[in-house]
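Enquirer: Protein chains in written order, with numbering that gives the first Met the number 0: chain A, 0 to 128; chain B, 0 to 231. C-beta atoms are modelled at their ideal positions from N, C-alpha and C, and glycine is treated no differently.
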Amino acid sequence: MANDFSSNVPIYIQIMNEVKLKIVSGVWEAGQRLQSVRELAVEFSVNPNTMQKALSELEREGLLYTERTSGRYVSQDEEKIKKARDEMAEEYTGNYYNLMKKLGYKKEEIIYVVSNRLADIEKGGLKNE
Amino acid sequence: MSNVVEINALHKCYGARKVLENVSLSLESGTIVGLLGPNGCGKTSMIKIIAGIIQDYEGQVLIDGRVPDEYTKSIVSYLPEKTYLGDNLRAKDALNFFEDFYSDFDKEKAKSMLSQFKLDPNQKIKSMSKGMQEKVQLILVMSRKAKVYLLDEPLGGLDPASRKAMLDIILNNYSEDAVVLLSTHLINDVERIFDRVIMVGEKRILVDDTVDNIREKNGKSVQELFEEVFKC
């Protein structure tokens, strides 16, 4: 998977976001067992120590948990996963809003552009191009 | 984690020309370290000294607590910048050669990596593409169970897909008991696999820090910091 590493954010935080995305989007299912740190490091093309740090942080946030003998799992707490998903959506929306504001768009214009664009995308068979 | 390589006040000259001046650094087991710097800055000299190939230097160099000798050579796995495998060897002959030479060479591991990266053990090395040759050599070097891996410019001249494969080979073989020191000037491609980078220039170490510290403190990627440090 190609990761876009922006320059001033520590890599482990970027990896945390990549992993979060997998969890909240259900690519990694609740309760699913994770691959080993080494395998994940290869998958994300990142140093194993960085991978380990990202996973530990996500464990602290409660999105992952470790069973002492059998490995690391995605949390089974659906509420927690939903909350993380909502937080990501808020963040993306905030980022989008800031970009649009830079372009000089006002609230009504942003809503107009979004609903127009969504209508186009749905007409085109959900292609997001 | 322990310091498997310790260098204190290292000086190296070729005749009257100084290439390393008062260099000190230590390398911890379980880390992957990038050695970065422009051409001719002394990276290869430093690697050759750790490998035990260059012996006339001043200062202290300790590998696993020992001055470079026969023992340290047995725990250091070195990938030189230039190829040294005979043209007429097939990949499998090179595997046998390494098995004879190094008691810590894991031939089965090397074989399984050859097949993982779709390399034919029966193909002659000289008939392989540059990318394939580099992969074979990296597989040989990484299939030793060493404590220090020295990889001198393993990515130069390779296409992006081959570079990715080279990084996969390195990450696949990561060990908590070993350090990987990789010299390169293609920083963007590899920044994410390093714990730490050491930038060498003007005969000295200019930067020695973890990748995440560099990003947090300077608000810059390693590539951006490199461009700033080595601005022409």
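1) Taking residue 163 of chain B as the reference, give the member of A:12, A:42 and A:8 with the closest Cα.
2) Along chain B, in chain order, which residues have C-beta atoms closer than 8 Å to that of residue 32 of chain A?
3) So, does the CB of residue 23 of chain B fall closer than 9 Å to a CB anywhere in chain A?
4) Taking only beta carbons into account, state which residues of the segment 192-203 of chain B come closer than 7 Å to chain A, listed in chain order.
5) Would you please verify whether the beta carbon of residue 229 of chain B is less than 9 Å from any beta carbon of chain A?
6) When the cut-off is 9 Å and only beta carbons count, does residue 167 of chain B lie next to chain A?
7) Cα separation between residue 89 of chain A and residue 110 of chain A?
8) Tell me the rounded alpha-carbon separation between residue 190 of chain B and residue 8 of chain A.
9) If the cut is a Cβ gap below 9 Å, which residues of chain A does residue 30 of chain B touch?
10) Name the residues in the segment 142-168 of chain B whose C-beta lies less than 8 Å from a C-beta of chain A; which are they?
11) List the residues of chain B whose Cβ lies closer than 7 Å to the Cβ of residue 7 of chain A, in chain order.
12) Considering just the uninterrupted stretch of the alpha helix (DSSP H) at residue 103 of chain B, what are its terminal residues?
13) Compute the distance between the beta-carbons of residue 70 of chain A and residue 32 of chain A, then report whether it is under 9 Å.
14) Taking one C-beta from the segment 72-85 of chain B and one from the segment 148-166 of chain B each time, how about it: are there three or more such pairs within less than 8 Å?
15) Spell out whether any CB of chain A is found under 9 Å from the CB atom of residue 210 of chain B.
16) Considering only residues of the segment 20-105 of chain A, which uninterrupted beta strand (DSSP E) runs meet the minimum length of 3 residues and lie entirely inside it, listed in chain order?
17) Could you check where the beta strand (DSSP E) with residue 209 of chain B kicks off and where it finishes?
18) Run through DSSP, which three-state label would residue 88 of chain B get?
19) When DSSP labels each residue in this structure, what does residue 173 of chain B get in the three-state scheme?
20) Go ahead and label residue 40 of chain B buried or exposed: buried means 16 or more other beta carbons lie within 10 angstroms of its beta carbon, across all protein chains shown.
21) How would you list, in chain order, the residues of chain A whose beta-carbon sits under 8 Å from the beta-carbon of residue 171 of chain B?
22) So what's residue 200 of chain B in DSSP terms, helix, strand or just coil?
23) Can you give me the C-alpha to C-alpha distance between residue 213 of chain B and residue 91 of chain B, rounded to a whole angstrom?
Expert: Looking at the coordinates:
1) By one-based count along the second sequence, residue 163 of chain B stands at place 164. Minimum Cα distance to residue 163 of chain B is reached at A:42.
2) Taking the first sequence and counting its residues from 1, the one referred to as residue 32 of chain A is at position 33. What residue 32 of chain A touches in chain B: nothing, since even the nearest Cβ is about 20 Å away.
3) Walking along the second sequence from the start, residue 23 of chain B turns up at place 24. Answer no: the Cβ-Cβ gap between residue 23 of chain B and chain A never drops below 9 Å.
4) 192, 193 and 194
5) Taking the second sequence and counting its residues from 1, the one referred to as residue 229 of chain B is at position 230. With 9 Å as the cut-off, residue 229 of chain B does not count as an interface residue toward chain A.
6) Here residue 167 of chain B refers to the residue found at position 168 when the second sequence is read from its first residue. By this cut-off, residue 167 of chain B is an interface position.
7) Residue mapping note: residue 89 of chain A aligns to position 90 of the first sequence, counting from 1. Residue mapping note: residue 110 of chain A aligns to position 111 of the first sequence, counting from 1. Straight-line Cα distance between these residues: approximately 16 Å.
8) Within the second sequence, the letter at position 191 stands for residue 190 of chain B. Within the first sequence, the letter at position 9 stands for residue 8 of chain A. The alpha-carbon atoms of residue 190 of chain B and residue 8 of chain A are separated by roughly 13 Å.
9) Reading the second sequence from its first residue, position 31 is the one you call residue 30 of chain B. The contacting residues are 46 and 48.
10) 163, 166 and 167
11) Here the question's residue 7 of chain A lines up with position 8 in the first sequence. Under the 7 Å cutoff, chain B gives 214, 218 and 219.
12) Mapped onto the second sequence, residue 103 of chain B falls at position 104. Where residue 103 of chain B is concerned, there is no enclosing alpha helix (DSSP H), given that its DSSP letter is neither H nor E.
13) The sequence position of residue 70 of chain A within the first sequence is 71, counting from 1. The sequence position of residue 32 of chain A within the first sequence is 33, counting from 1. In contact: residue 70 of chain A and residue 32 of chain A (Cβ atoms closer than 9 Å).
14) yes
15) For the purposes of this step, residue 210 of chain B is taken as residue 211 along the second sequence, with counting starting at 1. Yes, residue 210 of chain B counts as interfacial toward chain A.
16) 63-66 and 70-73
17) Translated into positions along the second sequence, residue 209 of chain B becomes position 210. 203-209 is the extent of the beta strand (DSSP E) around residue 209 of chain B.
18) Reading the second sequence from its first residue, position 89 is the one you call residue 88 of chain B. In the structure shown, residue 88 of chain B sits in coil (DSSP, three-state: anything other than H, G, I, E or B).
19) As a working note, residue 173 of chain B is residue 174 in the second sequence. Here residue 173 of chain B sits in coil by DSSP.
20) Position 41 of the second sequence, counted from the first residue, corresponds to residue 40 of chain B. Buried, by the Cβ-count rule.
21) Stepping through the second sequence from its first residue, residue 171 of chain B is reached at position 172. Neighbours of residue 171 of chain B on chain A, chain order: 37 and 41.
22) Counted from its first residue, the second sequence places residue 200 of chain B at position 201. Correct three-state label for residue 200 of chain B: strand.
23) Stepping through the second sequence from its first residue, residue 213 of chain B is reached at position 214. Stepping through the second sequence from its first residue, residue 91 of chain B is reached at position 92. Between residue 213 of chain B and residue 91 of chain B, the C-alpha separation is close to 42 Å.
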